[in-house]
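Everything on this sheet refers to the single structure shown next.
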Amino acid sequence: MRKSHRVVVLVLEGALPLDVGIPAEVFHPESGFPYEVSTCGVVAGTVPAHGDFGFTVPRGLEALDDADTIVVPGYAPAGRPIPVEVCEALRSAAGKGVRIASICYGAFALADAGLLDGLRATTHWDAAEKLAERHPRVTVEPNVLFVDEGSILTSAGAAAGLDLCLHIVRRDLGVSAANEIARGLVTAPYRAGGQAQYLPKTGPAVQGESLAATREWAMARLGQPLTIAGLAAHAQLSPRTFMRRFAEETGSTPLQWILRARVDTARELLESTKLSVDCIAEEVGLGTGSNLRLHFRRLLDVSPTEYRATFSGRN
Numbered sequence: 001m002r003k004s005h006r007v008v009v010l011v012l013e014g015a016l017p018l019d020v021g022i023p024a025e026v027f028h029p030e031s032g033f034p035y036e037v038s039t040c041g042v043v044a045g046t047v048p049a050h051g052d053f054g055f056t057v058p059r060g061l062e063a064l065d066d067a068d069t070i071v072v073p074g075y076a077p078a079g080r081p082i083p084v085e086v087c088e089a090l091r092s093a094a095g096k097g098v099r100i101a102s103i104c105y106g107a108f109a110l111a112d113a114g115l116l117d118g119l120r121a122t123t124h125w126d127a128a129e130k131l132a133e134r135h136p137r138v139t140v141e142p143n144v145l146f147v148d149e150g151s152i153l154t155s156a157g158a159a160a161g162l163d164l165c166l167h168i169v170r171r172d173l174g175v176s177a178a179n180e181i182a183r184g185l186v187t188a189p190y191r192a193g194g195q196a197q198y199l200p201k202t203g204p205a206v207q208g209e210s211l212a213a214t215r216e217w218a219m220a221r222l223g224q225p226l227t228i229a230g231l232a233a234h235a236q237l238s239p240r241t242f243m244r245r246f247a248e249e250t251g252s253t254p255l256q257w258i259l260r261a262r263v264d265t266a267r268e269l270l271e272s273t274k275l276s277v278d279c280i281a282e283e284v285g286l287g288t289g290s291n292l293r294l295h296f297r298r299l300l301d302v303s304p305t306e307y308r309a310t311f312s313g314r315n
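Numbering (the UniProt record's numbering) for the sequence shown: 1 to 315.
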């Protein structure tokens with residue numbers, strides 16, 4: 001990433017205030033990381049937002065010509081028609097290789113511009129069916145927090161946009177940088193893109209954070225053996241009930257979640273220490289360096305050594 005990476009937030013009519021604020025906070029230059037963030041609209045001036053709000057944007061669509069990353073926040077109602085010139089500007093940016101991300105209903109703008117054709121994408125669960133019906137060439141995944149298709153990324157509603165923006169930082173600068181920004185925002189540093197959105201259920205409501213204490217307990221013991229029986233005992237549940245509730249809350253099995261947590265902790269150690277790969281593998285509970293290399297390659301398509309060469313010293 002260049003010394004200054006320009007993030008432009010495209011504010012459309014009916015913009016959801018929280019969705020606009022998320023990239024403004026994550027990519028704020030006061031974080032100490034090499035981002036510049038600005039806003040634009042179709043034209044410069046005041047953009048009416050959802051509710052009794054408005055945004056004053058200093059530039060129009062010409063601002064997208066300078067962008068390295070474009071973020072399109074959600075706008076209401078979902079699927080509101082957007083100006084033709086917005087579609088043209090987004091297609092032009094994509095053609096130049098600019099990274100484009102959407103939050104919540106912002107996925108409709110990307111889809112209307114044709115940027116999601118042939119790709120996987122997500123949006124807020126309550127608009128996923130509409131997105132799929134309107135754009136049949138898009139593979140809509142309604143139950144995930146975000147989808148990364150390389151230069152095109154989409155997220156579910158509101159708070160999932162925070163997960164997506166932190167994921168972008170993680171891609172650009174590594175785990176340590178994303179964790180530092182997350183600490184400043186007092187939010188969880190990592191929720192996997194495949195984690196389930198909290199959909200309404202016809203039965204009793206699932207408490208989305210009912211197992212948070214057990215996950216925190218596991219994170220503090222990654223270097224130790226962690227079993228379903230031990231996790232279930234901590235949660236004071238039967239193993240079967242624990243596994244069901246864990247999947248409902250995280251979208252993955254306990255062992256998949258632990259493996260990802262161990263790999264991400266290894267990433268941070270590779271960035272911030274000079275420990276050998278073997279020592280890191282033991283520290284995070286993966287046993288041997290060869291085991292760490294295996295999971296690193298499978299999950300990240302890169303070796304620990306290559307990862308360290310890319311990200312060490314950036315933070």
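Ideal placement from N, C-alpha and C gives every residue a C-beta, glycine not left out.
Note that the structure is a prediction, hence the values are computed from the model and not measured.
Buried or exposed (CB count within 10 angstroms, at least 16 for buried), residue i
i	result
D172	buried
R183	exposed
S290	exposed
P304	buried
T265	buried
R308	buried
Option in the options with minimal Cα separation from residue i
i	options	result
A93	P48, A121, A128, V71	V71
F296	C279, R260, S276	R260
V37	A63, P17, L16	A63
W217	R244, I181, P254	P254
I152	R134, A111, A177, R99	R99
G251	V43, L145, V47	L145
T310	G174, K96, L269	G174
L131	G118, A107, P73, D163	A107
L162	A101, A233, K96, P34	A101
Span separating the alpha-carbon of residue i from that of residue j
i	j	result
E271	E85	42 Å
V147	M219	25 Å
E283	S31	29 Å
P142	G60	32 Å
D301	A281	17 Å
A212	L231	12 Å
A15	L116	20 Å
I103	P136	20 Å
D65	G223	47 Å
L185	E25	8 Å
G150	G114	16 Å
Element boundaries [alpha helix (DSSP H), containing residue i]
i	result
V144	Premise fails: V144 is in no alpha helix (DSSP H) and is neither H nor E.
H295	289-300
E36	Per DSSP, E36 belongs to no alpha helix (DSSP H); it is in the beta strand (DSSP E), 35-40.
W217	212-219
Strand pairing of residue i, partner residues [DSSP]
i	result
T46	T56
L153	A101, D148
Y75	A15
R120	T139
N-terminal and C-terminal residue of the beta strand (DSSP E) that residue i is part of
i	result
L10	5-10
P70	Note that residue 70 is Ile in the sequence shown, not Pro. It spans 69-72 - the beta strand (DSSP E) in which I70 sits, taken as one unbroken run.
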